[in-house]
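Number 144 in the UniProt record's numbering belongs to position 144 of the sequence shown; there are no gaps in the numbering.
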Amino acid sequence: MKAGIVGATGYGGIELFRLLHNHPQVETITLYSSSQAGENFEEIYPQFQGGETHILQDLEPQKMKENLDVIFLATPAGVSSSLTPQLQEGRAKVIDLSGDLRLKDASVYKQWYKKEASDGETLEKAIYGLPEWNKEQIQTADIIANPGCYPTATLLGLGPLVKEGLVKSDSIIIDAKSGVSGAGKNPNPITHFAHAQENFQIYKVNQHQHIPEIEQQLFEWNDSIEPVTFSTHLVPMTRGIMATIYVQLKKEMTEEELREKYRNYYESQPFVRVRNKGSFPCTKDVYGTNYCDIGMTIDPRTKRVTVVSVIDNLMKGAATQAVQNMNLLFQYDERAGLAPLPVYP
């Protein structure tokens with residue numbers, strides 16, 4: 001297996017390199033960076049010194065698609081939309097970690113991302129890579145649109161309820177918090193240490209680009225679902241996402257019945273862990289892993305369900321989910337290269 005990472009010096013690219021370096025099926029890793037081509041990756045990130053040296057390469061789409069088996073695009077929004085078509089009709093599979101290929105409607109992408117969408121053929125070919133819900137399509141895809149971090153936590157938390165039509169269609173509220181690495185590596189005033197430390201901030205109120213991604217998938221599962229209320233917050237930690245989700249059920253059920261539905265859906269999924277009654281996950285429980293941990297309860301007074309879903313935004317929300325998709329694409333063990341238990345404390 002020959003792998004390439006475009007955007008190798010960003011947070012997602014760094015984690016991809018670390019994961020692929022330890023993957024039993026990956027023989028070579030070629031790293032690409034338009035802005036830092038020619039530089040030594042291990043000198044930029046000395047934590048990786050002691051092994052093979054990797055010189056960052058400039059993009060050559062024709063050579064890449066013929067010489068590599070899989071290409072990961074860990075790039076900002078707006079790059080993959082034009083690069084992915086150039087990587088087609090070769091041997092390489094493409095896994096895009098940006099939001100460029102997730103939305104099927106080009107006009108919706110332009111509305112939320114303020115950029116031009118990719119061509120219709122590329123958008124049509126791109127399969128939404130949420131493995132727990134889309135495994136069969138992923139296995140035969142040429143292009144994978146790796147889900148966003150907030151949508152991953154949210155959709156895994158909501159899936160069983162929405163899929164079975166148990167939720168009142170206009171009742172979904174998602175209150176999500178993320179560590180500052182979710183904003184990426186480039187300097188940003190709201191992630192500056194002096195601002196982020198000892199601070200808790202809401203951002204992109206009613207404007208977050210993950211809103212249409214969440215709604216698109218929910219509507220695919222159940223076309224009666226109405227627009228959701230979704231808020232995002234930055235908390236002073238490096239990584240981690242907690243999505244606290246509130247819904248009203250169409251009919252009453254016990255908490256035990258609710259939990260059993262989640263367990264039935266996820267019992268065969270190695271990276272989703274459903275908590276026992278009275279147990280709710282925190283972000284440290286999944287730190288540095290591909291796990292999504294889910295806890296839930298029903299308020300006996302309001303009958304409203306609260307679901308708590310946590311992931312590591314750089315892992316299950318980006319790099320490890322991309323590797324999980326690679327494993328499915330190439331018929332490897334789904335867990336290959338993704339074995340580590342959470343880092344604690």
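Every residue, glycine too, gets a C-beta built ideally from N, C-alpha and C.
Is it right to say residue i is buried, meaning 16 or more other beta carbons lie within 10 angstroms of its own, or is it exposed?
i: Pro6; result: Note on residue identity: the sequence assigns Val, not Pro, to residue 6. Buried, because 16 or more other Cβ atoms sit within 10 Å of the Cβ of Val6.
i: Pro147; result: buried
i: Ala339; result: exposed
i: His192; result: exposed
i: Pro189; result: exposed
i: Arg239; result: buried
i: Asn22; result: exposed
i: Ala194; result: exposed
i: Val205; result: exposed
i: Asp100; result: buried
i: Ala37; result: exposed
i: Glu213; result: buried
i: Thr30; result: buried
i: Thr152; result: buried
i: Tyr203; result: exposed
i: Phe200; result: exposed
i: Lys63; result: exposed
i: Gln111; result: exposed
i: Gln197; result: exposed
i: Asp285; result: buried
i: Ser35; result: exposed
i: Lys316; result: buried
Quick one: measure Cβ to Cβ for residue i and residue j, integer angstroms, because I've assumed they're closer than 8 Å.
i: Ser309; j: Ile294; result: 5 Å
i: Ser80; j: Leu56; result: Not a contact, Cβ separation roughly 18 Å.
i: Leu341; j: Ala141; result: In fact, because the Cβ distance is near 30 Å, the residues do not count as touching under 8 Å.
i: Ile174; j: Ile245; result: 5 Å
i: Met237; j: Gly288; result: About 13 Å; that fails the 8 Å criterion.
i: Ala243; j: Thr302; result: Contact doesn't hold; Cβ gap of about 19 Å is too wide.
i: Tyr150; j: Ile241; result: 7 Å
i: Asn222; j: Lys168; result: That belief does not hold up - the Cβ atoms of Asn222 and Lys168 are roughly 11 Å apart, past 8 Å.
i: Asn40; j: Thr28; result: The pair is not a contact, with the Cβ atoms about 17 Å apart (cut-off 8 Å).
Taking the C-alpha atoms as reference points, what is the distance between residue i and residue j?
i: residue 368; j: Leu16; result: Lying before the first or after the last residue shown, residue 368 is absent from the chain, which here runs from 1 to 345.
i: Leu123; j: Arg102; result: 8 Å
i: Thr306; j: Leu249; result: 11 Å
i: Glu60; j: Leu234; result: 37 Å
i: Lys2; j: Val228; result: 41 Å
i: Pro345; j: Glu136; result: 37 Å
i: Asp96; j: Ala74; result: 7 Å
i: Thr232; j: Thr283; result: 16 Å
i: Met296; j: Phe48; result: 40 Å
i: Gln269; j: Thr320; result: 15 Å
i: Ala8; j: Ala77; result: 15 Å
i: Asp170; j: Lys125; result: 31 Å
i: Lys177; j: Leu130; result: 20 Å
i: Gly337; j: Pro300; result: 43 Å
i: Val26; j: Leu20; result: 6 Å
i: Leu314; j: Ile138; result: 21 Å
i: Asn327; j: Ala145; result: 15 Å
i: Gly4; j: Phe72; result: 6 Å
i: Val343; j: Tyr291; result: 12 Å
i: Glu43; j: Ser118; result: 35 Å
i: Ser107; j: Trp133; result: 26 Å
i: Tyr262; j: Ser279; result: 14 Å
i: Glu334; j: Glu267; result: 15 Å
i: Asn325; j: Gly13; result: 16 Å
i: Ser181; j: Gly10; result: 10 Å
i: Ile255; j: Arg304; result: In the sequence on display, residue 255 carries Glu and not Ile. So the two alpha carbons sit approximately 11 Å from each other.
i: Pro24; j: Tyr265; result: 29 Å
i: Val247; j: Met253; result: 13 Å
i: Ile172; j: Leu258; result: 16 Å
With DSSP as the reference, label residue i as helix, strand or coil.
i: Cys149; result: helix
i: Phe230; result: strand
i: Val343; result: coil
i: Met242; result: strand
i: Gln248; result: strand
i: Ala77; result: coil
i: Gly159; result: helix
i: Arg273; result: strand
i: Val286; result: helix
i: Ala117; result: coil
i: Ala322; result: helix
i: Phe41; result: helix
i: Val108; result: helix
i: Lys65; result: helix
i: Gln201; result: strand
Touch check for the stretch 153–168 and the stretch 218–229: three-plus C-beta pairs under 8 Å? yes
Report yes or no: do the stretch 78–90 and the stretch 174–192 share at least 3 C-beta pairs separated by less than 8 Å? no
Given 8 Å as the limit, is there contact between the stretch 86–101 and the stretch 62–69, that is, 3 or more CB pairs closer than that? yes
When the Cβ atoms of the stretch 269–286 are set against those of the stretch 203–214, are three or more pairs found closer than 8 Å? no
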